[in-house]
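Trainee: For what it's worth, the numbering used here labels the leading residue of the sequence shown as 16, then goes sequentially. This is the structure I have questions about; it appears just below.
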Amino acid sequence: MPANSYPYKGLSTVEVEESRQKNGSNAPKQAANNAWWEALKDTVFEPMFLLLVACTVIYFSLNQLSEGFFMLGAIVLVSAISFYQDSRSKKALEALKAFTQASATVIRNNKVVELLSEELVVGDVVVVSEGELIPVDGKLLQIHDFSVNESILTGEAFVVYKEVDSSENNQVFHGSLVQSGQCVFETTAVGSQTRLGKIGASMEQIKVEKTPLQLQIDNFVKKMAIVGAVIFLIIWGINYFHSRDILGSLLKGLTIAMSVLPEEIPVAFATFMALGAWRLMQQGVIVKQTQTVEALGTATVICTDKTGTITENKMELYRVYVFKTNAVLNETQWKQDPAVELISTAMWASESSPFDPMEKALHEAYQHLATTDERPDFKMAHEYPLSGKPPMMTHVFENGVGKRIIACKGAPEALIQHSKLTDPEKSGIQQQIADFAAEGLRVLGIGIVDSNEGSFPEKQEDFTFRFLGLVGFYDPPKHNIEKVFKQFYDAGIQVKIITGDNSLTTLAIAKQAHFKNTSPPITGDELMKLSDKEMATKINETSIFTRMFPEAKLKIINTLKANHQIVGMTGDGVNDGPALKAAHIGIAMGKRGSEIAKQASSLILVDDDFGKMVDAVAMGRKIYNNLKKAIQYIISIHIPIILTVALPLILGWAYPAIFTPVHVIFLEIIMGPTCSIVYENEPLEKNAMHRPPRRMSDTFLNLKELSISIVQGLVITLGTLFSYQYAVRQGYNEDLTRTMVFTTLVVANIFLTLVNRSFYYSVFTSFKYKNNLLSGVIAITILILGMLVYVPLFASFFKLSPLSGTQLGITALTGFVTVIWFEGYKWGKRKKWL
């Protein structure tokens, strides 16, 4: 645990428990646990459930008790499957919710600790810094140039400065963003007792809009439901006209309605997205909304920061340039007085409790070099936060006898601009900056104010600094970054570096990381001077953007979006918030990311590993491709069920009621797990990350893909009708004919499941894909089919007859042939003939 550098001990363990018992904790108020009731209500109002109930009532009305009880069992089974799928999705989403809990820095038992914000209690002493969200309401104890944005409460997005000694302006509120500086405060209200908590109920009413894919799927299911209703009315009318039996006709109409309704599709969509998000979480990628999973597969551009994303973010003070002696010094030479002054001043210009890697490195270097550690003797009298273009920051420290240290660090260009330097001196410094940057070093300029008298100016730019020199930090590229870039390029995804660092340093690191770049970098200032047309062209052509500021980052994201790109953006700081929010996929860093970056993002990399974005994109593509396979399977297998039920009725064949609701519901029970469990578990195809991303506007099935599924379904229909006519011509009775048609359809279903695992590679290639659920579902299907055909009790109930070896061979061969032809199509596709 970090040492406590603050003058507060915080609550003890006993006091924490007492406060929790008295005032509660900061955990959000839980809604009434009605998940089961909601799931039950959703199930009861599903069209398939209602059709099953209607069929059950009719069977009992016709005194067909065994069929009625079977349908009751089917209702229980279908409901159980629905509950299971719903439970899997909810558990995945709950796990995601637990991982997205915010943390807080708290002083307890005289130690600084990191806790989940929901564990805070009244009386806790909390520390918040620039870029973080305040987790509770509290009263200020200590501030350093502290300001907040309280727009979440007031609706007015301006900076509010706070004062410890004020009775009216010394409160901070849950949900406010720390705009600058740092503060320590004592918690006064938690959970629903905070000001934000009291108005939080209205926020819970906000509904998330459906994604384009969801809308497309909903539209498709609605159209199929309308088709089912029309066919139902036609079949009911035809049968009633011939038989004048209203209940029998209604039963036949409901049979066809059940065969048309593709209720598996929305269930499959919800399952795929929720479990995909859960699988990503297992890999260290937290998806805050399952809709993001859909967008991942369409990403065309990834915009990434340099520091900590491409590089290790392990800043080490590597070299210093001492302006006074015009010398570049390595670590072994830093004990010289001018170097000690330079490094000490850089430390004073940093935060007292540093969290930035460079500031930590400066404190560590000072601790090794200083003969006497003066930090305990000085207190910060004033702080000028990081600001300006290019940015710099200034700290004013003062000890007990009135001695002041006014230290500044920041972009070297800023220090040069505000220091007394001659033109030749400026040229020499610029050359040294270029030399450092060419080595890939992160360079900061260091300055000090010699005058210790008078009041502080309003802006740090009003100081005149004495330029002391440069400090260079080395942050090497991550060991896997070259591989990551290659994987993005292979997947047809552009990568752009957007950084606040200078061009030379960024170019050096990009070269070391084997980053593809064919055009010179452009700075934020240069970019913002261009016209909209010039800017769009430049952003499209350029891969490296340097000295960027929030407005410029946001402009890049919006320009790429206007150019119909699907944009992912990584970020960790407050300044990244607008761009993260604007991107289709905002990507925050889990360890070093500010709270505002995490709030603005849609995805969090837990370990700050940019390589996990490749896994995330792959998961997005896998889920989308598997969902398409599931939907194409559903369409293909529904067509023969619909036509096999409808055609004998419409054409008046020998056995018009070849299938009854009990047969259709059995087939539905087979299809449900196949599409939403088996296909969800399919691995990523080996060519999936070597294809360009799909367009977000693409429909989930284009005309060609839909046509393929329809043709597959029609060919299987030919097979079932062939078995039908073969049985009739052989003089078989109705039960035996039904058995041959039913077996042909189930066999075709099994082979269709195998063949449609890939619409490109052969079934022999896809056999190598690991999917244990597939073999289990197929084995269970074959076992149940065998029981229905050869166990007299079941055969009698389903009105089936045992098949001879020849009859079984004919049905198996027919089912196989009606599906295996598609392997020829795939072969032609691989040969680029189709």
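Ideal placement from N, C-alpha and C gives every residue a C-beta, glycine not left out.
Could you check whether R294 and M704 sit closer than 8 angstroms to each other, using their CB atoms as the reference points?
Mentor: The answer is no: Cβ separation not under 8 angstroms.
Trainee: Alpha carbon to alpha carbon, how far is K474 from M563?
Mentor: The straight-line gap from Cα to Cα measures roughly 22 angstroms.
Trainee: Consult DSSP for M563 and reduce its assignment to one of helix, strand or coil.
Mentor: Correct three-state label for M563: coil.
Trainee: Does the pairing of the segment 140-154 with the segment 202-209 give three or more beta-carbon distances under 8 angstroms?
Mentor: As far as the Cβ criterion goes, the segment 140-154 touches the segment 202-209, which means the pair count is three or higher.
Trainee: Let's see if you can read the secondary structure: which residues bound the alpha helix (DSSP H) around K644?
Mentor: Looking at the DSSP string, the run of the alpha helix (DSSP H) that includes K644 is 627-666.
Trainee: Can you have a look at Y176 and say buried or exposed, based on whether 16 or more other CB atoms are within 10 angstroms of its CB?
Mentor: So Y176 counts as exposed.
Trainee: Decide yes or no for the touch test of the segment 120-128 against the segment 177-191: beta carbon pairs closer than 8 angstroms, at least 3 of them.
Mentor: With a cut-off of 8 angstroms, the segment 177-191 and the segment 120-128 do not count as touching, because too few Cβ pairs lie within range.
Trainee: How would you label A615, buried or exposed, when you count the other beta carbons within 10 angstroms and need 16 or more for buried?
Mentor: When all chains shown are included, A615 counts as buried.
Trainee: Nearest to D622 by CA position, among I725, R334, N328, I680, is which residue?
Mentor: With distances taken between Cα atoms, D622 lies closest to N328.
Trainee: Taking the runs of the beta strand (DSSP E) that are 3 residues or longer, which of them lie wholly in the segment 319-358?
Mentor: As far as the segment 319-358 is concerned, its whole beta strand (DSSP E) runs of at least 3 residues are 331-337, 342-344.
Trainee: For my contact list, E695 and L290 are in at a C-beta cut-off of 8 angstroms; report their separation, rounded to the angstrom.
Mentor: Yes, E695 and L290 are in contact; Cβ-Cβ is about 6 angstroms, under 8 angstroms.
Trainee: If you check the beta carbons only, do P491 and T326 fall under 8 angstroms apart?
Mentor: It is a contact, given that the beta carbons lie within the stated cut-off.
Trainee: Would you check if there are 3 or more beta carbon pairs closer than 8 angstroms linking the segment 510-526 to the segment 558-576?
Mentor: Verdict: yes, contact present.
Trainee: Please classify K24: does DSSP put it in a helix, a strand, or coil?
Mentor: Residue state, collapsed to three classes: coil.
Trainee: Around the C-beta of T552, are 16 or more other C-beta atoms found within 10 angstroms, so that it is buried, or is it exposed?
Mentor: By the neighbour-count rule (16 or more Cβ atoms within 10 Å), T552 is not buried but exposed.
Trainee: Over the uninterrupted beta strand (DSSP E) stretch that includes H159, give me the two end residues.
Mentor: 152-164 is the extent of the beta strand (DSSP E) around H159.
Trainee: Pull up the CB-CB distance for M735 and T821, whole angstroms please, since I reckon it's below 8 angstroms.
Mentor: Looking at the sequence provided, one finds Thr at residue 735 rather than Met. About 18 angstroms; that fails the 8 angstroms criterion.
Trainee: Can you tell me which of the three DSSP states F287 falls into?
Mentor: Reduced to three states, the DSSP call for F287 is helix.
Trainee: When you compare only the Cα positions, how much space is there between K375 and T322?
Mentor: Spanning the two alpha carbons is a distance of roughly 15 angstroms.
Trainee: Can you tell me the Cα-Cα spacing of V91 and E683, whole angstroms?
Mentor: Taking the straight line from one Cα to the other gives about 14 angstroms.
Trainee: Look at the alpha carbon of F480 and the alpha carbon of Y336, and state the distance between them as a whole number of angstroms.
Mentor: Roughly 17 angstroms between the two C-alpha positions.
Trainee: Using only alpha-carbon positions, find the residue among G460, L666, F625 that is nearest to I497.
Mentor: One point to set straight first is that residue 497 is Glu, not Ile, in the sequence displayed. When only C-alpha atoms are compared, the closest one is F625.
Trainee: Here's the rule I'm using: 16 or more other beta-carbon atoms within 10 Å means buried, otherwise exposed. How should A525 be labelled?
Mentor: Looking at its Cβ environment, which holds 16 or more other Cβ atoms inside 10 Å, A525 is buried.
Trainee: Go through its chain and collect everything with a Cβ distance to P707's Cβ below 7 angstroms, but skip five positions before and after it.
Mentor: Answer for P707: G507, listed in chain order.
Trainee: Who are A603's beta bridge partners in DSSP?
Mentor: DSSP, once it has assigned bridges, lists G586, I619 as partnering A603.
Trainee: Between which two residues does the beta strand (DSSP E) harbouring I421 extend?
Mentor: Residues 419-425.
Trainee: Span of the beta strand (DSSP E) holding V143?
Mentor: Where V143 is concerned, the enclosing beta strand (DSSP E) stretches over 140-144.
Trainee: Where S359 and D591 are concerned, what is the direct C-alpha to C-alpha distance, given to the nearest angstrom?
Mentor: Cα to Cα, S359 sits roughly 30 angstroms from D591.
Trainee: Along the chain, where does the alpha helix (DSSP H) that runs through I301 open and close?
Mentor: Counting along the chain, I301 falls outside any alpha helix (DSSP H), though it belongs to the beta strand (DSSP E) covering 300-302.
Trainee: Can you tell me which of the three DSSP states A119 falls into?
Mentor: Correct three-state label for A119: strand.
Trainee: Report the CB separation of L332 from L384 in whole angstroms; it is logged as a contact under 8 angstroms.
Mentor: L332 to L384, Cβ: 10 angstroms. No contact.
Trainee: Any chance the segment 667-674 sits against the segment 795-805, with 3 or more Cβ pairs inside 8 angstroms?
Mentor: With a cut-off of 8 angstroms, the segment 795-805 and the segment 667-674 do not count as touching, because too few Cβ pairs lie within range.
Trainee: Taking 8 angstroms as the limit between beta carbons, can you name the residues of its chain near R210, skipping five residues before and five after?
Mentor: So the qualifying residues of the chain are D152, L168, F188, H189, A204.
Trainee: Determine the burial state of V779: buried for a count of at least 16 other Cβ atoms within 10 Å of its Cβ, exposed for fewer.
Mentor: One point to set straight first is that residue 779 is Phe, not Val, in the sequence displayed. Counting Cβ neighbours within 10 Å, F779 comes out exposed, since fewer than 16 surround it.
Trainee: Check for me: the alpha helix (DSSP H) holding Y739 runs from which residue to which?
Mentor: Note, Y739: alpha helix (DSSP H), 718-744.
Trainee: From Q197 to V499, what distance separates their C-alpha atoms?
Mentor: Spanning the two alpha carbons is a distance of roughly 36 angstroms.
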